[in-house]
Amino acid sequence: MKKLIVNLKNYSYPVFYKKNLLKENFIIDFCKKIGFSIVIVTHKNIQDLFAKSLYEKFKKENFKVKILSFEQGEENKTRRTKEYLEDELIKNNFGKDTLVVAIGGGIVSDVAGFLASTYMRGIPYIIVPTTLLAMVDASIGGKTAVNTNLAKNLIGTIYQPKAVFLDFEVLKTLDDREIKNGLIEMLKHTLISSKKAFYDLLNAKRITQKLIIESIRIKKQIIEKDEKEESLRKILNFGHTISHAIEGSLNFKISHGEALVYGIYVESYLSYAMNYLSKKHFEEIVGFLKNKGLFQNKYKFSIDRIINFLKNDKKNILGKNQFILLKNFGKPINNVGIIKNLIVNSLSSCLEDMYVNNCNNRT
Ligand SMILES: NC(=O)c1ccc[n+]([C@@H]2O[C@H](COP(=O)([O-])OP(=O)(O)OC[C@H]3O[C@@H](n4cnc5c(N)ncnc54)[C@H](O)[C@@H]3O)[C@@H](O)[C@H]2O)c1
20 MKKLIVNLKN YSYPVFYKKN LLKENFIIDF CKKIGFSIVI VTHKNIQDLF
70 AKSLYEKFKK ENFKVKILSF EQGEENKTRR TKEYLEDELI KNNFGKDTLV
120 VAIGGGIVSD VAGFLASTYM RGIPYIIVPT TLLAMVDASI GGKTAVNTNL
170 AKNLIGTIYQ PKAVFLDFEV LKTLDDREIK NGLIEMLKHT LISSKKAFYD
220 LLNAKRITQK LIIESIRIKK QIIEKDEKEE SLRKILNFGH TISHAIEGSL
270 NFKISHGEAL VYGIYVESYL SYAMNYLSKK HFEEIVGFLK NKGLFQNKYK
320 FSIDRIINFL KNDKKNILGK NQFILLKNFG KPINNVGIIK NLIVNSLSSC
370 LEDMYVNNCN NRT
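What follows is the structure in structure tokens.
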């Protein structure tokens, strides 16, 4: 079985990858070494697609096993969903010997990981990512979280899984929109890592297994140097300061990936406006976003609401927003404080041709 190893300071875990891995017994055999009670956490809309067959396999091997599923959508990535899952575990007498199996996209792995990190002060979990975004990003690095009405991903933990299992076959049932949501995180990885990675992705006719593995490798190398996001790992937030505020401002009625398209657009513009990034490179990034069809829907943005949500960003220092900007492809800069006027102007410049609801009551 092919694998990458995520080598952290005090812990390491494998990321196995193979076409049709889910058809084999490999995951079941791996789980035997960890626990005999299994809780499969998934989304309702994909329960029949993936969780059921895994459930049958565990059952056949005499595990105690239960599927717990919740409704899809960012609006369900909440403390309430986590509480529902916790109550179900308690009601069904799942103890410390339980292993959580997260099978789904990034929302499932974020919620299931958070659940595992606090249930009985921590039980193990594994991730079977079934979206492109979850494969290249959410399943790697151990960040878990839920949203609140006031902010995105503000409540959570860093808690590493025992292993990650990638089966490329699962991508066949993903629609084009979800593939694009993964592609934007892949773009982010290239922008913060190297010129070559950016042009390789730009020139790729389709998303190959090799590109997926390369994208994971970029993230892996960053978190290996800074698991707890004390410094370097922050560069993975490129585009996310704005995108998280956009998600909140639209009451989470936009997918994470789509919000990130706007986030990368605005933060690349900020990099250019602050004289870090050349006009040529800024235009190449915008060209990527447009040519790959990443601006998928139009939204009625409110800059006032985006600015309000920026106040709750995790990275703020003394109330001031900190951005990761770009000097060049592969040359991110950490912790750039930016004055509010420039943020407002950049949001206006980038979003005004996209149904921006410009309010006049800015303070
Ligand atoms: N922890 C991290 O480091 C990290 C990194 C990036 C993003 N995230 C989080 O990930 C979330 C977004 O994840 P996502 O883009 O995977 O979205 P998602 O989890 O909402 O999945 C998208 C949709 O696709 C469905 N789906 C999943 N697999 C499928 C398949 N193979 N075929 C058909 N449908 C399928 C899901 O049920 C859902 O309806 C956000 O909440 C974001 O904050 C976390």
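Per the working numbering: the sequence shown = residues 20 to 382.
Here a beta-carbon is modelled for each residue, glycine too, at the ideal position from N, C-alpha and C.
For residue i, the three-state DSSP class (helix, strand or coil)
i, result
"residue 348", "coil"
"residue 24", "strand"
"residue 65", "helix"
"residue 89", "strand"
"residue 297", "coil"
"residue 144", "strand"
"residue 158", "coil"
"residue 77", "helix"
"residue 53", "coil"
"residue 187", "helix"
"residue 322", "helix"
"residue 32", "strand"
"residue 217", "helix"
"residue 100", "helix"
"residue 59", "strand"
"residue 133", "helix"
"residue 223", "coil"
"residue 82", "coil"
"residue 377", "Residue confidence is low: residue 377 scores 39 on pLDDT, short of 50, so the model does not pin down where it sits. No coordinate-derived value is stated."
Contact test: residue i Cβ vs ligand 1 heavy atom, cutoff 6 Å
i, result
"residue 150", "yes"
"residue 170", "no"
"residue 192", "yes"
"residue 222", "no"
"residue 282", "no"
"residue 275", "yes"
"residue 5", "Outside the displayed range of the chain (20 to 382) lies residue 5, so it cannot be described from this structure."
"residue 124", "yes"
"residue 65", "yes"
"residue 160", "yes"
"residue 371", "no"
"residue 200", "yes"
"residue 197", "yes"
"residue 245", "no"
"residue 156", "yes"
"residue 240", "no"
"residue 129", "yes"
"residue 153", "yes"
"residue 91", "yes"
"residue 285", "no"
"residue 119", "no"
Residue i vs residue j beta-carbon contact at 7 Å
i, j, result
"residue 100", "residue 113", "no"
"residue 301", "residue 291", "yes"
"residue 108", "residue 143", "no"
"residue 123", "residue 177", "no"
"residue 265", "residue 325", "yes"
"residue 39", "residue 188", "yes"
"residue 136", "residue 157", "no"
"residue 93", "residue 271", "yes"
"residue 55", "residue 77", "no"
"residue 185", "residue 154", "yes"
Rounded Cβ spacing between residue i and residue j (contact assumed at less than 8 Å)
i, j, result
"residue 165", "residue 130", "6 Å"
"residue 181", "residue 276", "Incorrect: roughly 27 Å between the Cβ atoms, too far for contact."
"residue 126", "residue 162", "With 8 Å as the limit, residue 126 and residue 162 do not qualify as a contact, their Cβ atoms being about 13 Å apart."
"residue 230", "residue 345", "Not quite, the Cβ-Cβ distance comes to about 21 Å (not below 8 Å), so this is no contact."
"residue 201", "residue 279", "That pair is no contact at about 10 Å."
"residue 34", "residue 23", "5 Å"
"residue 412", "residue 226", "Shown here, the chain extends from 20 to 382; a query on residue 412 therefore has no answer."
"residue 342", "residue 289", "6 Å"
"residue 239", "residue 159", "6 Å"
Cβ-heavy atom distance, residue i to ligand 3, below 6 Å
i, result
"residue 297", "Only ligand 1 can be found as ligands here, which leaves ligand 3 out of the picture."
* Asked: With a cut-off of 8 Å, do at least 3 Cβ pairs link the region 345 to 363 to the region 250 to 266?
  -> yes
* Sufficient close CB pairs (3 or more, under 8 Å) joining the region 181 to 198 to the region 331 to 343 -> no
* Take every Cβ of the region 98 to 117, pair it with every Cβ of the region 53 to 60, and state whether three or more of those distances are shorter than 8 Å. => yes
* Is it true that the region 67 to 76 meets the region 32 to 51, where meeting means three or more beta-carbon pairs spaced less than 8 Å apart? -> yes
* Asked: If we count Cβ pairs, one from each stretch, closer than 8 Å, do we get three or more for the region 224 to 240 versus the region 361 to 373?
  -> no
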